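**Q**
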Amino acid sequence: MKPFKEALTKALEGRIDSRLVGLLPSGFQAVGDIAILNLRKELFDKGEMIGRSMLVLYPNLKTVCVKLDGVKGIERAPSLEKVAGDGTETIHRENGCLYKLDVTKVMFSKGNTLERGRLAGVVGKGEVVADMFAGVGYFSIPIAKAHVKKVYAIEINPSAFEYLEQNIELNNLKNVEPFCCDNRKAPEKLAHVADRVLMGYLPGTDKFLDPAFWFLKPSGGVIHFHNVYRDSELWNKPIKILEDAGRRHGMKLKILNKHIVKQYAPRMQHVVIDAEFRR
1287 MKPFKEALTK ALEGRIDSRL VGLLPSGFQA VGDIAILNLR KELFDKGEMI GRSMLVLYPN
1347 LKTVCVKLDG VKGIERAPSL EKVAGDGTET IHRENGCLYK LDVTKVMFSK GNTLERGRLA
1407 GVVGKGEVVA DMFAGVGYFS IPIAKAHVKK VYAIEINPSA FEYLEQNIEL NNLKNVEPFC
1467 CDNRKAPEKL AHVADRVLMG YLPGTDKFLD PAFWFLKPSG GVIHFHNVYR DSELWNKPIK
1527 ILEDAGRRHG MKLKILNKHI VKQYAPRMQH VVIDAEFRR
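FYI, in the working numbering the residues of the sequence shown are 1287 to 1565.
Take a look at the structure:
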């Protein structure tokens, strides 16, 4: 039994049916001082009891939330319920960056931590970057700290955009310009300005590929393409999608890097491809 599950089982001893003990979670995701739990449906009515026990076990936590569903819609709104503690706003620290957010209003994936760090090491100092799905600044903040010339951070969710603006200030950044809009209807000033375009959105990233080329400089650049694919589809399907997109825009594809970021579901992977397009 994993340490967390063992400690939680002991804390709940005598207060939960022994038949449910095996269904207790083996871990949790911590975003700042907030714990996010995946609970089996059989345990939903025990959520408050489990949450209160966790606050005793982990004094550094202020709140426990339970996932009800995944993120929803183009705005990537999370579906969480607070079961114990006070407040759902926190400041999460990662890779030297600060992210202020409300976990019930905007998503934050701890599974992308390494990818955020990797990307900050890939960008060039003089580059202009367009982040098509900026959220609260997941990628924009660390990339801006890597001393790129400019980051245009685009976010459609008003709640996420509000935190994006706060996080730009919180991290003392002067080279990030945020826009609250659908990236397919971005201001004309953003046309053909970017050396690099970030597509940190999934699933269904394909339908945003053509707009991504609108941000690239006329000579081309790099698109960081995230999406979800079945194991059996790797890597032929995403590469063909990128090749076809390049042809539509009169550009040739060169794969600079491709790797799995994390498992998305059984036999399905969240992947990223660093795709360079040139005329």
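Where a beta carbon is used, it is the ideal one built from N, C-alpha and C, also for glycine.
Just so you know, these numbers come straight off a predicted model, no measurement behind them.
Would you tell me roughly how many angstroms separate the C-alpha atoms of Leu1323 and Val1350, rounded to the nearest one?
**A** About 7 Å.
**Q** Check Arg1379 in the structure and name its three-state DSSP category.
**A** Arg1379 falls in the strand class under three-state DSSP.
**Q** Going straight from the alpha carbon of Gly1410 to that of Ala1439, what length do you get?
**A** In a straight line, the C-alpha of Gly1410 is about 17 Å away from that of Ala1439.
**Q** Go ahead and pull the three-state DSSP assignment for Asn1457.
**A** Looking at Asn1457 - three-state DSSP - the assignment turns out to be coil, as it is neither helix nor strand.
**Q** Quick check: what's the CA-CA separation for Lys1348 versus Glu1292?
**A** Near 21 Å, if we compare the C-alpha coordinates of Glu1292 and Lys1348.
**Q** Out of Cys1383, Asp1517, Glu1562, Phe1501, point me to the one whose CA is closest to Leu1528's CA.
**A** Out of Cys1383, Asp1517, Glu1562, Phe1501, Glu1562 has the C-alpha closest to the C-alpha of Leu1528.
**Q** Evaluate contact between the segment 1468-1488 and the segment 1374-1385, counting only Cβ atoms and requiring at least three cross-stretch pairs below 8 Å.
**A** Short answer: they don't touch.
**Q** Could you name the residues of the same chain whose beta carbon sits closer than 8 Å to that of Asp1319, not counting the 5 residues immediately before and after it, in chain order?
**A** The answer, listed in chain order, is Asn1346, Leu1347, Lys1348, Thr1349, Thr1376.
**Q** According to the neighbour-count rule (16 or more other Cβ atoms, all chains shown, within 10 Å of its Cβ), is Asp1355 buried or exposed?
**A** Result: exposed.
**Q** Roughly how many angstroms separate the alpha carbons of Leu1306 and Leu1329, rounded to a whole number?
**A** Rounded to the nearest angstrom, the two C-alpha atoms are 8 Å apart.
**Q** Give the straight-line distance between the Cα atoms of Arg1516 and Gly1300, rounded to the nearest whole angstrom.
**A** Cα-Cα distance, rounded: 43 Å.
**Q** Do Leu1484 and Asp1417 have their C-beta atoms closer together than 8 Å?
**A** In this structure, Asp1417 lies closer than 8 Å to Leu1484 by Cβ.
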